[in-house]
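Colleague:
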Amino acid sequence: MGSYATREASRAAYNRWYQAHPTANAERNKRDRVRVKQELFVLLGNVCSKCGYADHRALQVDHIHANPVRTKWHRGGVGLYRAILRGDYPLSDFQLLCANCNWIKRVENEEHGGNEFKYVN
Ligand SMILES: [Zn+2]
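If you read the sequence shown in my numbering, its first letter stands for residue 2, the second for the next number, and so on.
1) Among Asn103, Ala6, Ala14, Ala10, which one has its Cα closest to the Cα of Ala125?
2) Just to check my reading of the structure: Asp63 and Gln96 have Cβ atoms closer than 8 Å, yes? What is that Cβ distance to the nearest angstrom?
3) From the DSSP output, read off the bridge partner residues of Cys49.
4) When you get a sec, list the residues whose CB is within less than 6 Å of any heavy atom of ligand 3, chain order please.
5) Just reading off the alpha helix (DSSP H) that Asp33 is part of, what are its end residues?
6) I'd like the span of the beta strand (DSSP E) that includes Leu86, first residue to last.
7) Looking at Ala100 and Gln61, is the spacing between their C-beta atoms short of 8 Å?
Structure (structure tokens):
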């Protein structure tokens, strides 16, 4: 069929585009995100700065003196990690916290925006 050649040509064009745009490769992006995360984690000591917990799955980059306005565009995830690695923010403003320590800090600083979890000693 005539359309077969067209589809082949279309596929070839797509493949050329794909090779010219490696960031369109989701798998590569995923590896890149992991690499960026690991790079930053190592720079930040690779363990929770409060309790020493070392499992990356529960470690989070914490802005030591939280300023939601300043970090508004990079509140979390790889966007923030890249910004820190680029030098957009001083590394000394950040620390690694495990999920437990991060949550405790949030409650103590009332960063969650409400009083419902406030400690009543
Ligand atoms: Zn911890």
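Glycine included, each C-beta is placed from N, C-alpha and C at the ideal position.
The structure displayed is predicted, hence computed values, not measured ones.
Modeller: Checking against the coordinates, here is how it stands:
1) Residue 125 lies beyond the range of the chain shown here (2 to 122); nothing can be said about it.
2) Sequence index remark: in the sequence shown, residue 63 carries index 62 (1-based). Sequence index remark: in the sequence shown, residue 96 carries index 95 (1-based). The Cβ separation is near 5 Å, so the contact holds.
3) Numbered from 1 along the sequence shown, position 48 holds the residue referred to as residue 49. Cys49 pairs with nothing; no bridge assigned.
4) Although ligand 3 was asked about, the structure shown includes only ligand 1 as ligands.
5) One-based indexing of the sequence shown puts residue 33 at position 32. Start and end: 27-44.
6) Translated into the one-based positions of the sequence shown, residue 86 becomes position 85. Unbroken run through Leu86 is the alpha helix (DSSP H), 78-87; no beta strand (DSSP E).
7) Counting from one through the sequence shown, the residue named residue 61 turns up at place 60. Counting from one through the sequence shown, the residue named residue 100 turns up at place 99. Cβ distance < 8 Å, so Gln61 and Ala100 count as in contact.
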